[in-house]
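As structure tokens, the structure follows; a few thoughts come after it.
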Amino acid sequence: MEELEAIGKEILDKTFSFPLGIPGFPQIRRVIFSQRSGERPFSIMRTLEDPKLAFVVIEAFYLKPDYFVDVDDADLEPIGSPGPAECLLFFIVRLESGKPFRVHANLRAPLILHKDKKMGRQVVLQGNHPEQETFEF
Amino acid sequence: MLVLSRKPGESIKLGDNIEIILVAVEGQRVRIGIKAPREVRILRTEVEPDISKMNQQSAFQLEKGEDSEILRQAAEARARKASEKEKPAK
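Sequence lines, in order, name chains G and S. Quick note on our numbering: the first sequence kicks off at 2 and runs consecutively. Quick note on our numbering: the second sequence kicks off at 480 and runs consecutively.
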């Protein structure tokens with residue numbers, strides 16, 4: 002089970018370029034994903050521009066199995082126009098320890114990664130995705 | 480900044496293929512219709528700063544050693560909840 006929830010090897014320890022930066026962190030251009038076995042399915046996205054700056058991320062379907070996005074082609078163009086099979090969706094989450102343990106995810110602005118070209122961006126979706134959803138464990 | 484007055488039903492064109500239509504005025508709210516090509520991104524202005532703010536709240540500073548403790552806690556809490564739900568046979 003734990004093995005199944007490992008971050009993919011096309012992602013793990015790989016550097017992804019974010020040509021548009023990350024909203025709130027316009028200077029960021031490159032990130033690297035890391036994950037230790039006890040952390041699955043969560044992983045850390047570090048930024049190369051600021052080695053101390055990091056985000057906790059999780060692949061979208063571990064929190065929302067039915068999550069899907071409708072993204073304009075124009076939004077995907079800056080990351081090499083990935084097709085559906087080349088896209089990976091992640092949420093940036095904020096962890097709040099306690100009982101219950103809370104995971105706050107931004108469902109309106111997922112990260113979309115082109116797993117072959119190693120590019121990514123955060124998209125802001127139109128429509129009804131809640132800005133923040135809290136999951137309790 | 481250019482400021483124009485429009486009545487409901489009137490519109491404004493931006494360039495060749497974007498049209499802003501003033502649909503209705505209801506007290507403090509103005510309803511606006513937008514005709515634009517699909518590739519034009521249209522966002523309520525307040526949304527983008529919200530995303531920046533949420534990212535900034537989610538960001539954390541990596542310190543050596545202790546950084547992944549909270550990820551382990553999260554993973555354990557999630558696994559515990561999953562096993563409660565599934566009630567595995569053994």
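Built from N, CA and C at the ideal position, the CB exists for glycine as well. The structure presented is a predicted model; accordingly, all values stated were derived computationally and were not measured.
Going by C-alpha distance, which of the options is nearest residue i?
{"i": "E548(S)", "options": "P79(G), F43(G), I23(G), N129(G)", "result": "F43(G)"}
{"i": "K118(G)", "options": "P24(G), V125(G), Y63(G), E87(G)", "result": "E87(G)"}
{"i": "V509(S)", "options": "E527(S), S484(S), K492(S)", "result": "S484(S)"}
{"i": "P20(G)", "options": "Q28(G), L13(G), D14(G)", "result": "Q28(G)"}
{"i": "A515(S)", "options": "I491(S), R559(S), R551(S), A556(S)", "result": "I491(S)"}
{"i": "I23(G)", "options": "S537(S), L541(S), G506(S), A556(S)", "result": "S537(S)"}
{"i": "I113(G)", "options": "G9(G), E60(G), I45(G)", "result": "E60(G)"}
{"i": "I12(G)", "options": "E137(G), L90(G), P79(G)", "result": "L90(G)"}
{"i": "G506(S)", "options": "G512(S), A553(S), P487(S)", "result": "P487(S)"}
{"i": "G512(S)", "options": "L481(S), E555(S), E565(S), E489(S)", "result": "E489(S)"}
{"i": "A110(G)", "options": "E527(S), L550(S), S562(S)", "result": "E527(S)"}
How is the alpha helix (DSSP H) around residue i delimited, first residue to last?
{"i": "I491(S)", "result": "It is not in any alpha helix (DSSP H) - I491(S) instead sits in the beta strand (DSSP E) that spans 490 to 493."}
{"i": "E527(S)", "result": "526 to 537"}
{"i": "A61(G)", "result": "61 to 64"}
{"i": "L77(G)", "result": "74 to 77"}
Quick check on residue i: does DSSP put it in helix, strand or coil?
{"i": "R559(S)", "result": "helix"}
{"i": "E505(S)", "result": "strand"}
{"i": "F69(G)", "result": "coil"}
{"i": "E40(G)", "result": "helix"}
{"i": "K569(S)", "result": "Bear in mind that a pLDDT of 49 at K569(S), under 50, signals an unreliable position, so the number given afterwards is only what the model happens to contain. Residue state, collapsed to three classes: coil."}
{"i": "F90(G)", "result": "Here residue 90(G) is Leu; the residue named in the question, Phe, does not match the sequence. L90(G): strand per DSSP, three-state reduction."}
{"i": "L522(S)", "result": "coil"}
{"i": "I549(S)", "result": "helix"}
{"i": "I23(G)", "result": "strand"}
{"i": "E11(G)", "result": "coil"}
{"i": "L481(S)", "result": "coil"}
{"i": "K486(S)", "result": "coil"}
{"i": "A554(S)", "result": "helix"}
{"i": "P83(G)", "result": "coil"}
Using DSSP bridges, identify the partner residues of residue i.
{"i": "T48(G)", "result": "V32(G)"}
{"i": "T16(G)", "result": "I33(G)"}
{"i": "M120(G)", "result": "S18(G), H115(G)"}
{"i": "H130(G)", "result": "Answer is none; H130(G) lacks a bridge partner."}
{"i": "L96(G)", "result": "V104(G)"}
{"i": "S498(S)", "result": "It is Glu, not Ser, that sits at residue 498(S) in the sequence shown. Note: E498(S) sits in a beta bridge opposite K492(S), K514(S)."}
{"i": "A55(G)", "result": "R47(G), F539(S)"}
Just curious, the beta strand (DSSP E) that residue i is in, first and last residue?
{"i": "E134(G)", "result": "134 to 137"}
So which residues on chain A does residue i lean against when the C-beta distance must stay under 7 Å?
{"i": "P24(G)", "result": "In the structure shown, chain A cannot be found, because the protein chains are G and S."}
The segment 64 to 75 of chain G in contact with the segment 493 to 509 of chain S per 3-pair CB rule at 8 Å: Contact fails: fewer than three Cβ-Cβ distances are below 8 Å.
Given 8 Å, three or more beta-carbon pairs between the segment 510 to 522 of chain S and the segment 93 to 103 of chain G: Of all C-beta pairs linking the segment 510 to 522 of chain S to the segment 93 to 103 of chain G, fewer than three are shorter than 8 Å, placing the two stretches out of contact.
Touch test, the segment 499 to 506 of chain S against the segment 118 to 134 of chain G, Cβ-Cβ under 8 Å, three pairs minimum: Under the three-pair Cβ rule at 8 Å, the segment 499 to 506 of chain S does not count as touching the segment 118 to 134 of chain G.
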